[in-house]
Every structure is written in C-alpha cells, then in structure tokens.
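Colleague:
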Amino acid sequence: MFKPEPFVTRLTFVASDRPEALEARERLAERYGDAGDERAQVVVALGGDGFMLETVHRCMATGKPIYGMNRGSVGFLMNEYSEDGLLERINAAEQAVIHPLRMKAKDIHGQPHEALAFNEVSLLRQTRQTAKLRISVDGKVRLGELSCDGALVATPAGSTAYNLSAHGPIIPLDAKILALTPISAFRPRRWRGALLAHTAKVDFQILEADKRPVSAVADNFEVRDVAEVRVAEDRHVSITMLFDAGRSLEERVLAEQFAV
Numbered sequence: 034m035f036k037p038e039p040f041v042t043r044l045t046f047v048a049s050d051r052p053e054a055l056e057a058r059e060r061l062a063e064r065y066g067d068a069g070d071e072r073a074q075v076v077v078a079l080g081g082d083g084f085m086l087e088t089v090h091r092c093m094a095t096g097k098p099i100y101g102m103n104r105g106s107v108g109f110l111m112n113e114y115s116e117d118g119l120l121e122r123i124n125a126a127e128q129a130v131i132h133p134l135r136m137k138a139k140d141i142h143g144q145p146h147e148a149l150a151f152n153e154v155s156l157l158r159q160t161r162q163t164a165k166l167r168i169s170v171d172g173k174v175r176l177g178e179l180s181c182d183g184a185l186v187a188t189p190a191g192s193t194a195y196n197l198s199a200h201g202p203i204i205p206l207d208a209k210i211l212a213l214t215p216i217s218a219f220r221p222r223r224w225r226g227a228l229l230a231h232t233a234k235v236d237f238q239i240l241e242a243d244k245r246p247v248s249a250v251a252d253n254f255e256v257r258d259v260a261e262v263r264v265a266e267d268r269h270v271s272i273t274m275l276f277d278a279g280r281s282l283e284e285r286v287l288a289e290q291f292a293v
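Residue numbering for the sequence shown follows our numbering, starting at 34 and increasing by one per position.
#1: I'd like the span of the alpha helix (DSSP H) that includes G69, first residue to last.
#2: Given 8 Å as the limit, is there contact between the stretch 224–232 and the stretch 114–124, that is, 3 or more CB pairs closer than that?
#3: Compare the Cα-Cα distances from A249 to each of L166, R161 and A138 and report the closest residue.
#4: For M93, I'd like the list of residues in its chain whose CB is within less than 6 Å of its CB, leaving aside the five on either flank, ordered along the chain.
#5: If you draw a straight line from the alpha carbon of A218 to that of S180, how long is it in whole angstroms?
#6: With a threshold of 16 other CB atoms inside 10 Å of the CB of P205, please say whether the residue is buried or exposed.
#7: According to DSSP, I272 sits in a beta bridge with which residue or residues?
#8: Indicate the three-state DSSP secondary structure (helix, strand or coil) for T42 in the structure shown.
#9: Is K36 helix, strand or coil when you go by DSSP?
#10: Among all the DSSP beta bridges, which residues are the ones paired with Q238?
#11: Please state the DSSP three-state secondary structure of G118.
#12: Taking T262 and F237 to be in contact with their CB atoms under 8 Å, please state how far apart those CB atoms are, rounded to whole angstroms.
#13: For K173, count neighbouring C-beta atoms within 10 Å of its own C-beta (all shown protein chains included) and say buried if the count is 16 or more, exposed if not.
#14: Could you check where the alpha helix (DSSP H) with M85 kicks off and where it finishes?
#15: At the level of alpha carbons, what is the spacing between G191 and L134?
#16: Rounded to whole angstroms, what is the Cα-Cα separation between V89 and G81?
Listed below in structure tokens is the structure:
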C-alpha cells in the first residue's frame, strides 16, 4: 500500500495531445491546483497507455510516483477517470514498482545505441523479407536461426501489451520472469518462445543484416538497421505507478488471464 508521508496534497498534471486529455488537465488543475514538476508529490498523467509510457520515461529521474487516469483508448495502465475525490484515491492507492529492460544495440555501421523499455524490446523486419535472427541466452546460442517478422523480450508489466498480441504468455507482476516471444515465426514454425529468469541476458544477432534489415524498438525509441542487440533487466532503475485500491496492476494482469 502506498502511504506517503506527509499526506499527498501537491499534484502536477500532464496530458496527451488528445482534446479530452487537455480539457481534463485544465479542469483538474483548476480544482486541485498544479504544484509544478519540482514541488509536486505525485504526477497525474491523463491519456492512454502510450502516454503513460512517455510519462514514465520523463519522470524516471525524479523518482516521483505516477497516477494515471484514462483519457485515451486502451488504458490498461490507467485508472478510471473521475474528477471527484482524487486526493483520497491517490492516498489510498496501491503501488507497483516496475524495473525496465535495458537495450544495448549496435547498428550495421558500428554505432552504439542504448535505451530503456518498461514494456518490451522488439526486433522488427524493415522490408518485405523475413528477418533472420540468432538468439543467445546468457552467452549460449539457443536458436541458431529464427526466420520471422521479429521477436521481443517483455517485462511482466508489458506482457499484456504487444507480447500478448504476439501470442506470448501473460506473466504475474512478481514472477521475476521475462517473456521471449517470436513475432510470426516462419522457421522453426512451431517455436512459441520461452520464459526466462529476470536475470537473463538475451543477445540477438541479425543474420544477413544488409539484405534483411531489422529495427530494434525499446518502448517508443527506435534504432534502424541493427546488427546486434542485447536485452537485460536493469534492477538499478525503477518507477512507481499508483493504482486505485482493489484495482492493482497485479489484479489487472491476473484478470487478463481469465478474459474471454
């Protein structure tokens, strides 16, 4: 249970560019006041899941908790929107502490790139031709050649996003497991991915990178024409997200497994 001291009274509001999100920000700031980035105890994000991820990346350095309210489309990471009792909801909220994946990539020109992902790191083919990937886990080659549209490594928090759409497993938030999931695997066609310890280091080598270019995407950061990519959890980085009592992220992930 998130019980800050002192009682949360200072909020700052951020919104996506959707009209309904911008309007909500104006109304809430007028009603509760906006303490600004420096003085605020909690950041209230208004938008959808994509905007929540943007807010997470922006607020990561401050360590301030984020409470989202859905003014977007999907809203899996958001609380229901209501203008009433906001301070009471936040002070009674449950916390989810999320650790990101760190992507270290090198493109075909030898240029290094690095980014964090709280949902997933995805490798995606850039052209009409399938990608060919060699996959190693903790230094041992586990799949010499995977012909596919791509592959991804997902955190438990991200397992219900792109990973689930790619038929990957839903992972309980406290399971300390990562999902390694193929995207439209061609050969080996029956390979459905793997569950890995959260300490695993996953290396992708792009085969025929010049002929079959591949991009790597960490949440909303994309690198084109990669040659190799390493993905590993970074336990030194975390963000705290707040969810209404009884509607924790753990509960949402569990409920998603019984959705019909």
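Note that CB positions come from ideal geometry on N, CA and C, so glycine has one too.
Modeller: Concretely, from the data shown:
#1: Within the sequence shown, residue 69 is the residue found at index 36, counting from 1. Run containing G69: G69 to R72, per the alpha helix (DSSP H) assignment.
#2: no
#3: Within the sequence shown, residue 249 is the residue found at index 216, counting from 1. For A249, the nearest C-alpha among the options comes from A138.
#4: Translated into positions along the sequence shown, residue 93 becomes position 60. Counting only Cβ-Cβ distances below 6 Å, and skipping sequence neighbours, we find I272.
#5: The residue you call residue 218 lines up with position 185 of the sequence shown. The residue you call residue 180 lines up with position 147 of the sequence shown. Using only the alpha carbons, I get a separation of about 6 Å.
#6: Position 172 of the sequence shown holds residue 205. Exposed: under 16 other Cβ atoms inside 10 Å.
#7: What you label residue 272 is simply residue 239 of the sequence shown in a count that begins at 1. Per DSSP, I131.
#8: Counting from one through the sequence shown, the residue named residue 42 turns up at place 9. Correct three-state label for T42: coil.
#9: Position 3 of the sequence shown, counted from the start, is the residue given in the question as residue 36. Per-residue confidence for K36 stands at a pLDDT of 45, beneath the threshold of 50, marking its modelled position as unreliable; the derived number appears in the next sentence. Coil at K36, not helix or strand.
#10: As a working mapping, residue 238 is identified with position 205 in the sequence shown. In the DSSP output, where bridge partners are listed per residue, Q238 has R167 and E261.
#11: As a first step, residue 118 is located in the sequence shown; it is residue number 85 there, counting from the start. It is coil, neither helix nor strand.
#12: Position 229 of the sequence shown, counted from the first residue, corresponds to residue 262. Position 204 of the sequence shown, counted from the first residue, corresponds to residue 237. Looking at the sequence itself, residue 262 is Val, so the reference to Thr does not match. Confirmed, Cβ separation roughly 4 Å.
#13: Position 140 of the sequence shown, counting from 1, holds the residue named residue 173. By the 10 Å Cβ count, K173 comes out exposed.
#14: By one-based count along the sequence shown, residue 85 stands at place 52. D82 to C92 is the span of the alpha helix (DSSP H), which, as asked, contains M85.
#15: Here the question's residue 191 lines up with position 158 in the sequence shown. Here the question's residue 134 lines up with position 101 in the sequence shown. G191 and L134: Cα-Cα distance of roughly 10 Å.
#16: Here residue 89 is taken as the residue at index 56 of the sequence shown, counted from 1. Here residue 81 is taken as the residue at index 48 of the sequence shown, counted from 1. V89 and G81: Cα-Cα distance of roughly 12 Å.
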